[in-house]
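Heads up, the thing below is written out as structure tokens.
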Amino acid sequence: MSSRELHCEVCEGVQLFEAPPCVDDHGADCPELICTGCGAAVLIATFTFQAPRLSDRRRRPTEPHRRAA
Ligand SMILES: [Zn+2]
Ligand SMILES: [Zn+2]
Numbered sequence: 009m010s011s012r013e014l015h016c017e018v019c020e021g022v023q024l025f026e027a028p029p030c031v032d033d034h035g036a037d038c039p040e041l042i043c044t045g046c047g048a049a050v051l052i053a054t055f056t057f058q059a060p061r062l063s064d065r066r067r068r069p070t071e072p073h074r075r076a077a
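Structure (structure tokens):
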């Protein structure tokens, strides 16, 4: 599963963090983790990870108009 050990400032120590049920359709890329010790949610990734995908979509070469036969 997507769990990892991170330092929790609330617990003042290393705790096991697990990804919560994602409600934002991040899927496997969900940047959110919740401390299993205190339940505090943390964001482990910045939004920069989404940039490449967005730019990829935008950089698609404009497809020439095809006439349906
Ligand atoms: Zn998410
Ligand atoms: Zn905690």
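If you want our numbering, it's the 1-based position in the sequence shown plus 8.
Virtual Cβ for every residue (Gly too), placed ideally from N, Cα, C.
Item                                                                                                                                              : Value
Taking the alpha carbon of residue 34 as the point to measure from, which residue in 16, 76, 12, 51 has its own alpha carbon closest?             : 51
Measuring from each Cβ to the nearest heavy atom of ligand 2, keep the ones under 7 angstroms and list them in chain order.                       : 16, 18, 19, 23, 43, 45, 46, 48
By the three-class DSSP mapping on this structure, what secondary structure does residue 36 have?                                                 : helix
Count the other CB atoms within 10 Å of the CB of residue 43; is the residue buried (16 or more) or exposed (fewer)?                              : buried
Can residue 40 be considered in contact with ligand 1, in the sense that its beta carbon sits closer than 7 angstroms to one or more heavy atoms? : yes
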